[in-house]
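Novice: For the sequence shown, the positions run 4 to 226 when the numbering used here is used.
Glycine included, each C-beta is placed from N, C-alpha and C at the ideal position.
Only a predicted model underlies this, so the values are computations on that prediction, with no experimental measurement involved.
Pasting in a structure now, in structure tokens, and then I'll have a few things to ask.
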Amino acid sequence: ERLPDFEAIYFRRRIGYNEVALASQWRDGKVVDMIVEKQFISAEAFYDIIQRPEHADRRVELVEGEIVDMPLPNPIHAAVLTSLSTALNVFVKLQGQGRVLTGDVAFILEQNPEGRDTLRGLDIAYISTERLPGSLPRKPLLVAPELAVEVISLSNKAEDIEKKTQQLLKAGTALIWIVYPDLQSVAVHTSDTAVRLSQSDMLTGGEVLPNFAIPVREIFADA
């Protein structure tokens, strides 16, 4: 005999890093859990979480209040990152016009009253002295970099790459390089253009880093 459906029982459960409110109901002979409320995490709370020793080996970002795991880099990713960051760092130091930061440096790109903040890590970031004068803080940066660079692995999802690109542009990043080691190409994004460069092309700093240029094939020479 079929048991009658019962009214929802509400309870809270932690799924991953985020706490949710669930409504549990008996429907068609089985218990069905439905998420009815999700508790979003602020950038400040997120930073406190990832500083804990148990999360030391994890790569995570905060996307609109939810903590998401990011793929670990492979050796090819590391080689490309080293090649491009070295070229940028040498150029910027000679010009004396800012800093090149590497290693998943954290930037708060969005802060919302309801707590749906976004904190993203970047493979490489250039930020001018004008935009960030003085010494570096010990916490995530509240200003977006002028140049953001992401080196893509096969495990990166296209929709997340696009979302991250749009979040950076909205936050004030003027130039974004999305580097694809497997395709040996670079997608260059600004607020109004998107161009894909191949091995035969030259990657330039545009208005952000005038006179910076590197052959695309050189970026992948050690990969």
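DSSP puts SER131 in a beta bridge; with which residues?
Specialist: On the sequence shown, position 128 is the one that residue 131 refers to. Its beta-bridge partners are GLY101.
Novice: If distances are taken between C-alpha atoms only, which option among SER138, LEU65, VAL146 and LYS96 comes closest to ASP163?
Specialist: Taking the first residue of the sequence shown as position 1, residue 163 is located at position 160. Comparing Cα-Cα distances from ASP163 to each of SER138, LEU65, VAL146 and LYS96, the minimum goes to LEU65.
Novice: Once the 5 residues before and after ARG220 are set aside, which same chain residues still bring their CB inside 6 Å of it?
Specialist: Numbered from 1 along the sequence shown, position 217 holds the residue referred to as residue 220. Contacts found: GLN202.
Novice: Report yes or no: do three or more beta-carbon pairs, one from the region 170-182 and one from the region 104-119, lie closer than 8 Å?
Specialist: Yes, they touch.
Novice: For TYR129, tell me which candidate among ALA226, PRO213 and ALA224 has the shortest Cα-Cα distance.
Specialist: By 1-based counting over the sequence shown, the position of residue 129 is 126. Nearest C-alpha to TYR129: PRO213.
Novice: So, with DSSP's three-state summary, where would you put SER86?
Specialist: Position 83 of the sequence shown, counted from the start, is the residue given in the question as residue 86. Of the three classes helix, strand and coil, the one that applies to SER86 here is helix, per DSSP.
Novice: Quick check: what's the CA-CA separation for ASP51 versus PRO143?
Specialist: The residue given as residue 51 occupies position 48 in the sequence shown. The residue given as residue 143 occupies position 140 in the sequence shown. In a straight line, the C-alpha of ASP51 is about 11 Å away from that of PRO143.
Novice: Which residue wins for smallest C-alpha separation from ASN92, given the options LEU186, ARG102 and ASP126?
Specialist: The residue labelled residue 92 in the question sits at position 89 within the sequence shown. The shortest Cα separation from ASN92 among LEU186, ARG102 and ASP126 belongs to ARG102.
Novice: Can you name the start and end residues of the alpha helix (DSSP H) that THR168 belongs to?
Specialist: Along the sequence shown, one-based indexing puts residue 168 at 165. Segment 161-174, the alpha helix (DSSP H) holding THR168.
Novice: Measuring only from the beta carbon, is ILE127 closer than 7 Å to any heavy atom that is part of the ligand GDP?
Specialist: Ligands in the displayed structure: none, and consequently the ligand GDP is not present.
Novice: To the nearest angstrom, how far is it from the Cα of GLY209 to the Cα of THR196?
Specialist: Reading the sequence shown from its first residue, position 206 is the one you call residue 209. Reading the sequence shown from its first residue, position 193 is the one you call residue 196. Their backbone Cα atoms lie some 12 Å apart in a straight line.
Novice: Consult DSSP for PRO184 and reduce its assignment to one of helix, strand or coil.
Specialist: Residue 184 sits at position 181 when you count from the first residue of the sequence shown. PRO184 falls in the coil class under three-state DSSP.
Novice: Tell me which residues share the same chain as LEU3 and place their Cβ nearer than 8 Å to its Cβ, disregarding the 5 neighbours each side in the sequence.
Specialist: Given a span of 4 to 226 for the chain in the structure shown, any question on residue 3 remains unanswerable.
Novice: According to the neighbour-count rule (16 or more other Cβ atoms, all chains shown, within 10 Å of its Cβ), is LEU104 buried or exposed?
Specialist: Stepping through the sequence shown from its first residue, residue 104 is reached at position 101. By the 10 Å Cβ count, LEU104 comes out buried.
Novice: Could you give the DSSP three-state label for GLU69: helix, strand or coil?
Specialist: Sequence index remark: in the sequence shown, residue 69 carries index 66 (1-based). GLU69 falls in the strand class under three-state DSSP.
Novice: Return the residue from the list LEU200, PHE215 and THR168 that minimises the CA-CA distance to PHE223.
Specialist: Locating residue 223 in the sequence shown gives position 220, where the first residue counts as 1. If we check each option's Cα against that of PHE223, LEU200 comes out closest.
Novice: Evaluate GLY124 with the Cβ neighbour count: other Cβ atoms within 10 Å of its Cβ, from every protein chain shown; 16 or more gives buried, anything less gives exposed.
Specialist: As a position in the sequence shown, residue 124 is number 121, starting the count at 1. Label assigned to GLY124: buried.
Novice: Would you mind sorting SER138 into buried or exposed? The rule is 16 or more other CB atoms within 10 Å of its CB.
Specialist: Here residue 138 corresponds to residue number 135 of the sequence shown, with the count starting at 1. Exposed, since its Cβ has fewer than 16 Cβ neighbours within 10 Å.
Novice: Should GLU198 and TRP180 be called a contact, given that it needs their Cβ atoms to be closer than 8 Å?
Specialist: Mapped onto the sequence shown, residue 198 falls at position 195. Mapped onto the sequence shown, residue 180 falls at position 177. What sits at residue 198 in the sequence shown is Val, not Glu. Contact: no.
Novice: Have a look at ARG141, PRO136 and VAL95 and flag the residue whose alpha-carbon is nearest the alpha-carbon of ILE127.
Specialist: For this step, residue 127 is matched to residue 124 along the sequence shown. Of ARG141, PRO136 and VAL95, the residue nearest in Cα terms is VAL95.
Novice: Output needed for ILE79: all residues of its chain with C-beta closer than 6 Å, excluding positions within five of it in sequence on either side, in chain order.
Specialist: In the sequence shown, residue 79 corresponds to position 76, counting from 1. Same-chain partners within the cutoff: PRO184 and ALA226.
Novice: Roughly how many whole angstroms lie between the Cα atoms of ARG141 and ASP107?
Specialist: As a working note, residue 141 is residue 138 in the sequence shown. As a working note, residue 107 is residue 104 in the sequence shown. Looking at the two C-alpha atoms, the distance is approximately 14 Å.
Novice: Report back the beta-carbon spacing between ARG55 and LEU75 to the nearest angstrom; my notes put them in contact at under 8 Å.
Specialist: Walking along the sequence shown from the start, residue 55 turns up at place 52. Walking along the sequence shown from the start, residue 75 turns up at place 72. At roughly 19 Å, the Cβ-Cβ gap does not stay under 8 Å, so ARG55 and LEU75 are not in contact.
Novice: For VAL154 and LEU97, which I take to be in contact (beta-carbon distance under 8 Å), what is that distance rounded to the nearest angstrom?
Specialist: The residue labelled residue 154 in the question sits at position 151 within the sequence shown. The residue labelled residue 97 in the question sits at position 94 within the sequence shown. Contact flag wrong, Cβ pair sits at about 24 Å.
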